[in-house]
Structure formats: structure tokens, C-alpha cells
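Chains as they are written, first to last, in the working numbering: chain C, 1 to 144; chain G, 145 to 247. Ideal placement from N, C-alpha and C gives every residue a C-beta, glycine not left out. Remember, predicted model here, so these are calculated numbers, not experimental data. The next block holds one structure in the form of C-alpha cells; read it before the comments.
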Amino acid sequence: MTGRNLSHAAREIAFGLGVAALVLVAAAALRYAEAAEILGGDGARRAMQILVGLVLAAYGDRMPKAYASALQRPCRGGRIQSVIRVGGWSMTLAGLGYAALWALAPLAFADVASMALVGSACAVLIGYGGWALAICRPSADQSL
Amino acid sequence: MSLVFKALADPTRRRVLQLLKERPMTAGEIAEHVDIAKPTLSAHFAILREAGLVGSEKSGKTVTYWLNASVLEEALLAFADTVGVGLKPGRQRVAAAKKEAAS
């Protein structure tokens with residue numbers, strides 16, 4: 001592992017730990033607010049889900065940078081790059097949509113629609129990624 | 145973040161990033177699409193690398209560049225391109241006319 005890869009890995013771990021700490025602190029604060037009757041049960045639930053959506057969006061935003069080293073793999077036409085970009089965009093938009101649904105929609109609708117949204121983003125990523133990886137197999141790469 | 149804004153403020157650098165959106169390219173391939181001297185292009189690459197918007201790998205005499213932008217940075221690139229940030233007023237009109245003609 002080169003020094004550049006190590007510092008990149010250290011940055012990713014630091015980001016992950018920071019996000020984990022934020023979620024734990026937010027959960028504890030919301031639990032306290034709920035117990036002290038500052039927030040109703042629904043308010044605390046909405047706030048936590050909005051945070052989850054924003055965390056998903058933040059990870060989606062970083063996805064193209066985090067997997068940039070994969071671009072050094074030989075594959076014609078920049079397929080890997082497009083998979084990473086499509087994945088990043090779909091996860092970021094899904095995260096923002098998830099947060100918006102939990103902020104604005106009725107709870108029963110947000111519960112179902114937010115899951116459907118994230119599920120669709122995962123399906124786009126897996127479907128597009130699978131198709132592109134099939135094209136990027138060494139044998140397929142040579143035949144292009 | 146100010147490095148990113150500085151990098152995106154120049155139309156030539158934005159053109160390079162748009163080219164790299166298609167696929168990783170060598171410096172020579174990019175130079176074919178951009179009508180400027182190679183030393184100037186190298187200076188643009190240095191600014192893009194410093195901002196973390198492109199990655200590069202040297203293999204022999206060839207340097208390959210790839211897009212290393214986050215989703216937000218890519219959205220900023222699209223916005224700067226749409227608004228025409230960094231273009232002089234006259235060139236902005238020419239770019240808008242070209243866009244209109246193309247559509």
C-alpha cells in the first residue's frame with residue numbers, strides 16, 4: 001500500500017468514525033429530548049430518519065472519490081467510471097429524497113416511500129454495475 | 145472548497161472536466177480537444193489536481209487523467225457551465241448563441 005493510499009484510507013476511516021459519532025450523539029440527544037417531553041415521539045423519529053437520509057446522501061456524494069482508485073483497472077470506454085458516477089448520483093439523490101420525505105410527508109407514506117426510494121437506488125446501482133462489470137470481464141474487454 | 149471554486153471558475157478547466165466525464169484520458173488525448181498550448185494545459189492540470197478534481201497516473205511517458213469529483217462537485221461543474229462562470233460578457237453571448245444553435 002502506498003503512502004497516498006494510506007492517507008486516503010485514513011481519511012475514509014476518520015469520516016466514517018465522525019459520522020458514527022454524529023449519529024450516536026444525535027440519537028442520545030433525541031432520546032433525551034423525548035424523555036424531557038421537548039419533542040414528541042413522531043418528531044424524534046422524523047429527526048433521526050432525516051439524519052439517516054443525510055448520512056446516505058453524504059456517503060453517495062463521496063462515492064466517486066472513494067472508489068477513484070478502481071479507475072486504474074483496465075476497461076474500455078470508462079465503464080467503471082460511469083458505474084461509480086451513476087452509483088454516487090443515485091445514492092445522493094436517494095438520500096436527499098429520503099430526508100425530504102421524512103421531513104415533509106405523512107409518517108405512514110414516508111415509511112413506505114423512503115424505503116422504496118432507497119431500494120430503487122440500490123437496484124439502479126446493482127443493475128447498472130452488473131451490466132458494466134459483465135462488459136469489463138477480461139474476455140469481453142479483449143473482444144471490444 | 146475555495147480551491148474547487150477556483151478550479152471551476154475557468155472555462156478551459158471545465159472543458160477538461162467535461163471530457164474526463166466520458167472516460168479517463170491521456171494528456172495527449174485531452175490536448176487534441178482543447179485549443180491551447182501544452183505548458184498552459186499542464187498548469188490547468190496542476191490546479192485541477194490541487195483541487196482534487198482529477199486523479200492521474202504516470203505510466204512511462206504517458207500520464208492518464210481521470211475525473212475525481214464528488215457528486216456535489218459535479219453538480220457545481222454543471223451549474224458553472226450553465227451559468228457560464230468565467231466567460232467574458234462577449235464570449236458568454238457567443239457561448240449562449242452556440243448552445244442555442246446546437247439545440
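Could you please give me the residues that DSSP links to residue i through a beta bridge?
i: G/Trp210; result: G/Gly199
Spatial neighbours of residue i within its chain, please: CB distance less than 7 Å, with the 5 preceding and 5 following residues excluded, ordered by chain position.
i: G/Leu164; result: Val198, Tyr209, Trp210 and Leu211
i: G/Lys182; result: Ala175
i: C/Glu34; result: Gly41 and Ala44
Contact check, residue i vs residue j under 8 Å by CB: the rounded distance?
i: C/Lys65; j: G/Ser214; result: 5 Å
i: G/Asp225; j: G/Arg158; result: 6 Å
i: C/Leu39; j: C/Leu30; result: 7 Å
i: C/Leu107; j: C/Asp42; result: 6 Å
i: C/Ala110; j: C/Gly53; result: No, C/Ala110 and C/Gly53 are not in contact; Cβ-Cβ is about 10 Å, not under 8 Å.
i: C/Leu125; j: C/Gly87; result: 4 Å
i: G/Lys150; j: G/Ile180; result: With 8 Å as the limit, G/Lys150 and G/Ile180 do not qualify as a contact, their Cβ atoms being about 18 Å apart.
i: C/Val55; j: C/Val23; result: 7 Å
Tell me whether residue i sits in a helix, a strand or coil according to DSSP, three-state version.
i: C/Leu93; result: helix
i: C/Leu6; result: helix
i: G/Met169; result: strand
i: C/Tyr67; result: coil
i: G/Ile180; result: coil
i: G/Lys150; result: helix
i: C/Glu12; result: helix
i: C/Ile38; result: coil
i: G/Gly204; result: coil
So, at 6 Å on beta carbons, what are the nonlocal neighbours of residue i in its own chain, with the 5 sequence-adjacent residues on each side left out?
i: C/Ala113; result: Leu101
Checking contacts by CB at 8 Å: is residue i closer than that to chain C?
i: G/Leu211; result: yes
i: G/Arg157; result: no
i: G/Glu173; result: no
i: G/Val207; result: no
i: G/Glu176; result: no
i: G/Leu192; result: no
i: G/Gly204; result: no
Are any of the Cβ atoms in chain G nearer than 8 Å to that of residue i?
i: C/Arg173; result: Not covered by the structure: residue 173 of chain C. The range shown for chain C is 1 to 144.
i: C/Gln49; result: no
i: C/Gly88; result: yes
i: C/Ala68; result: yes
For residue i, collect the residues of the same chain with a Cβ closer than 8 Å to its Cβ; drop the 5 residues on either side in sequence, then sort them by chain order.
i: C/Ala47; result: Ala26, Leu30 and Leu39
i: G/Ser200; result: Phe189, Arg193, Val207, Thr208, Tyr209 and Trp210
i: C/Ala58; result: Val19 and Gly95
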